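Engineer: When you line the sequence shown up against this note's numbering, it's residues 296 to 648, in that order. This is the structure, below, for whatever I ask next.
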Amino acid sequence: MYHFTMKEPSPKFVLILIIMLVLITGLIGTIIKDHYLNIGGKAIRTNKFLQKEETIVKPIIERVKNLNKDSDNDGDPDSTDCAPLNPNKLSPRDNLIIDRNIELCPGKYYLTDQGMRGIFIFDRVNFVSLNCNNAEIIGDQKGIGVMMDYTSNSVIENCNIRGFYRNLGGKNSFFNSIINNEFSYSISDIFLVGFSHNFISNNKIHDSQYHGIHFHANTDLSPPYNFVVFNTITNNEFYNIKNFALHLNDTRNNVISNNFIHDNYGGIESTASDNNQILNNSITNNNIGIKLAAPNIPPNANNEISYNYICHNIQDLLCVGNNIGNHGFNYGMEIVVPCSDSWPVEGNDFDLC
Ligand SMILES: [Ca+2]
Ligand SMILES: [Ca+2]
Numbered sequence: 296m297y298h299f300t301m302k303e304p305s306p307k308f309v310l311i312l313i314i315m316l317v318l319i320t321g322l323i324g325t326i327i328k329d330h331y332l333n334i335g336g337k338a339i340r341t342n343k344f345l346q347k348e349e350t351i352v353k354p355i356i357e358r359v360k361n362l363n364k365d366s367d368n369d370g371d372p373d374s375t376d377c378a379p380l381n382p383n384k385l386s387p388r389d390n391l392i393i394d395r396n397i398e399l400c401p402g403k404y405y406l407t408d409q410g411m412r413g414i415f416i417f418d419r420v421n422f423v424s425l426n427c428n429n430a431e432i433i434g435d436q437k438g439i440g441v442m443m444d445y446t447s448n449s450v451i452e453n454c455n456i457r458g459f460y461r462n463l464g465g466k467n468s469f470f471n472s473i474i475n476n477e478f479s480y481s482i483s484d485i486f487l488v489g490f491s492h493n494f495i496s497n498n499k500i501h502d503s504q505y506h507g508i509h510f511h512a513n514t515d516l517s518p519p520y521n522f523v524v525f526n527t528i529t530n531n532e533f534y535n536i537k538n539f540a541l542h543l544n545d546t547r548n549n550v551i552s553n554n555f556i557h558d559n560y561g562g563i564e565s566t567a568s569d570n571n572q573i574l575n576n577s578i579t580n581n582n583i584g585i586k587l588a589a590p591n592i593p594p595n596a597n598n599e600i601s602y603n604y605i606c607h608n609i610q611d612l613l614c615v616g617n618n619i620g621n622h623g624f625n626y627g628m629e630i631v632v633p634c635s636d637s638w639p640v641e642g643n644d645f646d647l648c
């Protein structure tokens, strides 16, 4: 008969068991102790399991911390700044003060002009520039894209600004250059009051609900801030504008030349302006090519309108009110309402298209 008896464990087995228990207890103790101290941030860890935590978890925490770091202190965090060590190159943001030469990081940006003071603000500055690097700045039909007040000798270039109430607005600024930009899909595109001696060239201006560029004297201020004189508007393209592409109101001695103005409600409208030169422009496929309207005193007077190609508009030239001394010879012009002093006369002042 089989008889089962429990043997006494050998002393050797008991010794091994005790050693193993001691080792396991020690290991668990070390893990708990290190982890506990780690919470306090003071542990010097030798445990391999926790060394992995050092190489994997800590860098992630550091990276999260660095998301808001702005190494060049230009207001654009390193995580979005295309030039994190250049304080003059940054991503655009609302109310960006242009107080030095600033370049934008290229890209497409949807921005709201919260304070209606402009996404980009030039205010009482000289010799500064905004180079957008062809970044697209897209608004929500409100506010101003670029605001330029009391600014001189400054530059706006390579900007593609669209969809603001005004893409560019400003007053009382002199000797600035606005070049190589695209302004589009605004309610009222460029509205400049008391602007003189500025150079506006190589811009594409289109799809505005009102004017493309509107110049207006500033009747609230004394000279020189009330004038709009000696601006040059050249080599721009204007199209799909629901009112006149260019409206000159109470201006003088400006040059508007070599512009391509097509497929708008109107090309150029002049009111109460004198001694402007409108030269070598191509003005086609608009409802009205050029309108000289003088409902107020003073009238449009002594403007030179020469060498323009004005064809295929429903009305090529329309004079309204008391225009005096306007002159020049133009190519084309088939449908014309002459001014009250009988300019222009076919053959002398224009050919047919
Ligand atoms: Ca930065
Ligand atoms: Ca930067």
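Even for Gly, the Cβ is constructed at its ideal location relative to N, Cα and C. Here the structure is a predicted model, which is why all the values come from computation and not from measurement.
With distances taken between CB atoms, is the gap from residue 596 to residue 616 smaller than 7 Å?
Structural biologist: For residue 596 and residue 616, no; Cβs fall outside 7 Å.
Engineer: Looking at ligand 4, does it come within less than 6 Å of residue 381, judged from the CB to the closest heavy atom?
Structural biologist: Questions concerning ligand 4 fall outside what the structure shown contains, since the ligands it does hold are ligand 1 and ligand 2.
Engineer: Is residue 383 buried or exposed, if buried means 16 or more other CB atoms sit within 10 Å of its CB?
Structural biologist: exposed
Engineer: Whose beta carbon lies closer than 5 Å to any heavy atom of ligand 1, going through the chain in order?
Structural biologist: 365, 367, 369, 371 and 376
Engineer: Count the other CB atoms within 10 Å of the CB of residue 519; is the residue buried (16 or more) or exposed (fewer)?
Structural biologist: Residue 519 comes out exposed.
Engineer: Spell out the partners DSSP gives residue 418 in its beta bridges.
Structural biologist: 444
Engineer: Suppose you measure from the CA of residue 648 to the CA of residue 418; what does that come to, to the nearest Å?
Structural biologist: 46 Å
Engineer: Considering only residues of the same chain and omitting the five flanking positions on each side of residue 527, which have a CB-CB separation below 6 Å?
Structural biologist: 494 and 550
Engineer: Cα separation between residue 244 and residue 548?
Structural biologist: Because residue 244 is not part of the residues shown, which for the chain are 296 to 648, the question remains open.
Engineer: Give a single yes or no on whether residue 385 has its beta carbon closer than 6 Å to a heavy atom of ligand 2.
Structural biologist: yes
Engineer: So residue 463 and residue 441 are in contact, right, with Cβ under 8 Å, and what is the actual spacing, rounded?
Structural biologist: 5 Å
Engineer: CB residue 533 to CB residue 556, shorter than 7 Å?
Structural biologist: yes
Engineer: So, at 6 Å on beta carbons, what are the nonlocal neighbours of residue 645 in its own chain, with the 5 sequence-adjacent residues on each side left out?
Structural biologist: 625, 628 and 639
Engineer: What is the DSSP secondary structure of residue 529, counted as helix, strand or coil?
Structural biologist: strand
Engineer: Does DSSP put residue 633 in a helix, in a strand, or in coil?
Structural biologist: Correct three-state label for residue 633: coil.
Engineer: Verify whether the separation of the beta carbon atoms of residue 428 and residue 477 is less than 7 Å.
Structural biologist: no
Engineer: Would you identify the three-state DSSP class for residue 563, choosing helix, strand or coil?
Structural biologist: strand
Engineer: Restricting to Cα atoms, I'd like to know which of 466, 540 and 543 is closest to residue 515.
Structural biologist: 466
Engineer: For ligand 2, any of its heavy atoms closer than 6 Å to the Cβ of residue 378?
Structural biologist: yes
Engineer: How many Å lie between residue 458 and residue 413 at the Cα?
Structural biologist: 13 Å
Engineer: For residue 403, which three-state DSSP category applies?
Structural biologist: Strand at residue 403.
Engineer: Quick check on this structure: which residue in 623, 538, 450 and 385 has the alpha carbon closest to the alpha carbon of residue 504?
Structural biologist: 538
Engineer: Throw me the rounded Cβ distance for the residue 468 and residue 490 pair, which I believe falls under 8 Å.
Structural biologist: 5 Å
Engineer: What's the C-alpha gap between residue 574 and residue 456?
Structural biologist: 28 Å
Engineer: Residue 612 and residue 585 - do their beta-carbons sit closer together than 7 Å?
Structural biologist: yes
Engineer: Report the three-state DSSP secondary structure of residue 579 (helix, strand or coil).
Structural biologist: strand
Engineer: If you scan the stretch 505 to 555 from start to end, which runs of the beta strand (DSSP E) of 3 or more residues do you find wholly inside it?
Structural biologist: 508 to 511, 527 to 529, 532 to 534, 539 to 544 and 550 to 552
Engineer: With residue 370 and residue 408 assumed to form a contact (beta carbons below 8 Å), what rounded beta-carbon distance in angstroms separates them?
Structural biologist: With a Cβ gap of about 17 Å, residue 370 and residue 408 do not count as contacting.
Engineer: In terms of residue numbering, what span does the beta strand (DSSP E) encompassing residue 478 cover?
Structural biologist: First-last of the beta strand (DSSP E) with residue 478: 477 to 479.
Engineer: Note down the Cα distance separating residue 623 from residue 544, rounded to an integer number of angstroms.
Structural biologist: 20 Å
Engineer: Taking C-alpha atoms, which residue in 604, 592, 568 and 599 lies nearest to residue 580?
Structural biologist: 604
Engineer: Which residues in the same chain have their Cβ closer than 6 Å to the Cβ of residue 606, if we skip the five residues on either side of it in sequence?
Structural biologist: 579, 627 and 648
Engineer: Less than 7 Å between the C-beta atoms of residue 583 and residue 610, yes or no?
Structural biologist: yes
Engineer: Over what stretch of residues does the beta strand (DSSP E) that includes residue 452 continue unbroken?
Structural biologist: 450 to 452
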